[in-house]
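Shown next, in structure tokens, is the structure this report addresses.
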Ligand code: GLA
Ligand code: GLA
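Residue numbers (this note's numbering): 1 to 673.
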């Protein structure tokens with residue numbers, strides 16, 4: 001089944017009144033007495049919605065076509081009586097053991113040819129017809145049973161698709177991949193041409209000769225790798241659509257979604273291409289303990305979520321109340337951090353704050369993952385903060401449905417471009433495809449400037465500054481749209497490693513960066529990688545660069561900064577060209593943070609963009625608006641109180657703020673202006 005070219009989402013509506021607040025509820029782990037205790041605590045915390053059933057398949061279909069819904073029915077009734085809405089999940093993230101025993105062939109096969117064993121999450125191949133049949137059967141049974149249940153307000157397909165089955169290299173996948181390629185290329189000659197198979201004499205005689213990029217001792221063709229990434233994303237999206245349609249066959253009038261894992265990218269699947277098929281956009285976000293700038297990484301993820309569709313709020317479907325259990329060292333959150341993280345997502349457009357999971361497991365694979373109700377129970381920092389957060393969200397009701405104030409800056413981001421850079425041999429294997437996006441976003445974040453992180457084919461009309469950070473793969477159409485933004489009057493800033501290959505992962509010859517050469521007025525002749533631990537100086541202040549540089553001729557542009565040391569000493573590092581009513585800047589190297597900050601300052605000046613509120617170190621300020629009113633979210637990430645000039649009403653207690661406000665260290669204030 002090909003992926004529909006047009007969006008297939010329903011018209012947008014939110015499943016409940018106000019904010020969704022709650023988490024994954026996995027009652028199969030507990031006795032009916034505990035369920036009653038859960039409901040009491042949910043009501044105490046102000047929970048408005050839970051996601052039910054994510055891992056329930058083995059409990060409800062206990063053997064092939066033998067169903068026992070007694071426990072599930074009772075839990076739905078208890079939730080409904082308590083006024084808690086249900087986001088009903090299909091249980092296909094964890095197939096039951098009886099199915100895996102009966103059909104071990106549905107379990108994925110690794111690149112090395114290892115056929116995995118039963119018991120993993122998402123332990124199934126999306127190309128397996130046997131899998132699809134059993135999955136759609138249970139989905140249909142559940143959808144039919146609960147379609148009319150008054151508590152069920154939303155449907156949740158599987159869980160984090162691709163997180164456990166991103167690639168499968170089995171024979172069923174191979175055949176599915178061959179079909180996908182046939183549709184994409186039409187003829188084998190077209191594929192041979194697109195993939196450049198003449199090199200190493202790898203011409204295919206027919207689509208049936210093409211294998212997934214299974215393990216071999218030397219490097220595979222990067223075009224094959226990129227197409228296999230695209231195919232794998234489509235195979236999972238196809239499965240999503242099949243489950244969604246099996247739900248829709250019974251359910252009308254409730255949105256259907258699945259939870260994305262949008263973070264730094266490149267992602268396991270291509271979320272920007274999935275988004276048009278989601279009734280609600282939902283994300284799971286987990287901070288990495290080792291990340292020194294966790295709050296900025298959170299903002300980057302949230303700005304990517306909003307960038308998938310700036311016209312509607314999205315839902316934070318999962319995050320953690322404190323430590324996770326899957327990192328090398330799992331860091332617990334500071335007092336207040338749970339609330340600050342939650343409201344940071346809300347500030348950037350989330351109308352739901354949900355967690356994994358409601359009650360901490362005592363057994364099973366996630367027994368040391370934090371939850372809304374910890375092992376220790378109610379008398380804990382975590383549960384107190386969960387209750388406090390529930391109170392805060394209920395006081396914010398008037399904000400639900402509003403949007404984030406339109407950003408004037410766009411950062412372009414594309415999973416395909418990241419996958420292309422990661423496919424096969426490259427000049428420098430420690431260049432991460434998302435570093436540039438994250439680094440320019442960080443400079444904006446530190447300066448209090450909101451950016452939408454959008455796919456390169458987004459409408460750029462409303463942006464005054466467009467940053468193109470290491471967009472390695474760029475299509476002709478996207479390059480034209482970016483150039484048009486400059487002609488129209490935007491400041492466009494392109495960084496190193498952009499526009500190098502086309503959609504077939506083939507280098508654009510004739511001088512780098514091929515897709516942007518004319519726009520930028522530069523001609524790049526060679527890359528000069530900078531070895532790990534080394535750096536080069538630039539002839540501007542104390543600017544330093546590392547990792548990557550390019551020998552660029554400023555044929556039709558002005559040189560603003562040159563390399564002052566290293567192999568390229570004296571040649572152009574930063575250029576600018578006047579284009580129509582706008583400008584096009586090129587930065588051919590990876591600048592260190594101080595230099596990125598200085599450059600971003602220049603770009604903002606050129607685009608005449610100023611912050612939402614005067615910046616203070618550690619202060620995050622984001623505004624939500626609804627056409628009539630506006631609300632300012634003020635988050636203090638520092639260890640000192642921050643005072644600033646604000647007038648309005650504090651939403652926490654409806655008290656007036658007459659001209660100045662102090663936000664305590666680690667605190668958050670939300671002000672109706
Ligand atoms: C070897 C091979 C060549 C080429 C080079 C690349 O020498 O014989 O075909 O792959 O490595 O460095
Ligand atoms: C993901 C999953 C959850 C849980 C958490 C743990 O978000 O969707 O089921 O495993 O990770 O952090």
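Each residue gets a CB set at the ideal place from its N, CA and C atoms; glycine is no exception. Note that the structure is a prediction, hence the values are computed from the model and not measured.
Starting from the C-beta of residue i, find all residues in its chain whose C-beta is less than 7 Å away, skip the five residues before and the five after it, and write them out in chain order.
i, result
"residue 244", "157, 256"
"residue 679", "What is shown of the chain runs 1 to 673, which leaves residue 679 out entirely."
"residue 340", "635, 666, 668"
"residue 733", "The chain is shown only over 1 to 673; residue 733 falls outside these bounds and no answer can be derived."
"residue 625", "402, 403, 405"
"residue 47", "21, 22, 84, 390"
"residue 616", "642, 644"
Cutting at 8 Å between CB atoms, please list the residues of its own chain near residue i, excluding the five before and the five after it.
i, result
"residue 489", "464, 580, 581, 582"
"residue 675", "As shown, the chain starts at 1 and ends at 673. That puts residue 675 outside it, with no answer to give."
"residue 593", "439, 442, 443"
"residue 178", "207, 208, 210"
What is the C-beta distance between residue i and residue j, in whole angstroms, given that I count them as a contact (C-beta under 8 Å)?
i, j, result
"residue 587", "residue 554", "The Cβ separation is near 13 Å, so there is no contact."
"residue 9", "residue 261", "No, residue 9 and residue 261 are not in contact; Cβ-Cβ is about 19 Å, not under 8 Å."
"residue 317", "residue 282", "4 Å"
"residue 28", "residue 70", "Actually they are not in contact, since the Cβ atoms of residue 28 and residue 70 sit about 12 Å apart, beyond 8 Å."
"residue 231", "residue 180", "5 Å"
"residue 499", "residue 484", "Contact flag wrong, Cβ pair sits at about 15 Å."
"residue 597", "residue 446", "7 Å"
"residue 495", "residue 436", "5 Å"
"residue 482", "residue 609", "Contact doesn't hold; Cβ gap of about 18 Å is too wide."
Buried or exposed: where does residue i fall if 16 or more other Cβ atoms within 10 Å of its Cβ makes it buried?
i, result
"residue 505", "buried"
"residue 357", "buried"
"residue 104", "exposed"
"residue 542", "exposed"
"residue 507", "exposed"
"residue 200", "exposed"
"residue 26", "buried"
"residue 66", "exposed"
"residue 213", "buried"
"residue 325", "exposed"
"residue 600", "buried"
"residue 219", "exposed"
"residue 416", "buried"
"residue 335", "exposed"
"residue 297", "buried"
"residue 337", "buried"
"residue 1", "exposed"
"residue 264", "buried"
"residue 114", "exposed"
"residue 456", "buried"
"residue 682", "Absent from the structure is residue 682, since the part of the chain shown begins at 1 and ends at 673."
"residue 13", "exposed"
"residue 621", "buried"
"residue 681", "Missing from the structure shown is residue 681; the chain here goes from 1 to 673 and no further."
"residue 531", "exposed"
"residue 176", "buried"
"residue 628", "exposed"
Suppose the cutoff is 6 Å on Cβ atoms and the five residues either side in sequence are ignored; what does the same chain contact list for residue i look like?
i, result
"residue 107", "116, 123"
"residue 246", "136, 139, 140"
"residue 237", "3, 274"
"residue 313", "349, 351"
"residue 556", "521"
"residue 630", "623, 673"
"residue 353", "21, 316, 342"
"residue 585", "493, 576"
"residue 662", "641, 643"
"residue 51", "24, 87, 89, 156"
"residue 59", "28"
Please tell me whether, using a cut-off of 8 Å, the distance from the CB of residue i to the nearest non-hydrogen atom of ligand 4 is below it.
i, result
"residue 261", "As far as ligands go, the structure on display features ligand 1 and ligand 2 and does not contain ligand 4."
(request) Counting only runs of 4+ residues fully inside the stretch 26 to 96, write out the alpha helix (DSSP H) ranges in chain order. (result) 32 to 45, 57 to 60, 70 to 81
(request) With a floor of 3 residues, list each beta strand (DSSP E) that falls wholly inside the stretch 553 to 605, ordered by position along the chain. (result) 558 to 562, 572 to 579, 582 to 587
(request) Scan the stretch 111 to 190 and note each continuous beta strand (DSSP E) run of 3 residues or more that stays entirely inside, going in chain order. (result) 152 to 156
(request) Could you tell me whether the stretch 409 to 425 touches the stretch 69 to 87, using the rule of 3 or more Cβ pairs below 8 Å? (result) no
(request) Could you name each continuous alpha helix (DSSP H) segment of 4 residues or more that falls completely within the stretch 482 to 544, going from the start of the chain to the end? (result) 517 to 520
(message) Closer than 8 Å is the cut-off here; do at least three beta carbon pairs connect the stretch 188 to 204 with the stretch 86 to 97?
(response) no
(request) Please go through the stretch 204 to 262 and give each complete beta strand (DSSP E) segment of 3 or more residues, from N-terminal end onward. (result) none
(message) Quick check on the DSSP output: what are the complete alpha helix (DSSP H) runs of length 4 or more inside the stretch 327 to 414, in order along the chain?
(response) 337 to 347, 381 to 395
(message) Suppose only complete runs of 4+ residues qualify. What are the alpha helix (DSSP H) ranges in the stretch 420 to 466, listed by chain order?
(response) 435 to 446
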